[in-house]
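Chemist: The numbers in full-length UniProt numbering rise by one with no breaks, and the one at position 46 of the sequence shown is 46.
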Amino acid sequence: MPDTPSLSRLVRDYLAQQSGQALKPWQIAEGVSARLDGRHVGVGAGTNICLYEAAQGRLVRVDPAPMTFAHLTRADSDAGPQ
């Protein structure tokens, strides 16, 4: 059985490849789903993963309404808590 990355990892990798873009959860779910050979990632799952990863400091929640997320850049991590 191949070693499949976690959904969290897939979301982080997808956002890293979209560097500099803030995406809505449905865009992230759609983009990740397109890479999974027919498997579907729901918007709810994408939203939950993004919220969790942002709380862990691995993604940036760019805007609460409409909710958008982006990959954590070096400048984001250097800025520290605000």
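Ideal Cβ placement from N, Cα and C applies to all residues, glycine included.
Quick caveat: nothing in here was measured; it's all calculated off a predicted structure.
On the DSSP bridge list, what partners appear for residue 85?
Modeler: Because the chain here runs from 1 to 82, residue 85 falls outside it and cannot be looked at.
Chemist: Is it buried or exposed for A29, if we count other Cβ within 10 angstroms and need 16 for buried?
Modeler: By the 10 Å Cβ count, A29 comes out buried.
Chemist: Flag D37 as yes when its Cβ comes closer than 7 angstroms to any non-hydrogen atom of the ligand ATP, and as no otherwise.
Modeler: Here there are no bound small molecules, and the ligand ATP is not part of this structure.
Chemist: Taking the beta carbon of G46 as the centre, do at least 16 other beta carbons fall within 10 Å, making it buried, or is it exposed?
Modeler: Buried is the call here.
Chemist: Mind checking whether L15 and L23 have CB atoms under 8 angstroms apart?
Modeler: Yes, these two residues count as a Cβ contact at 8 angstroms.
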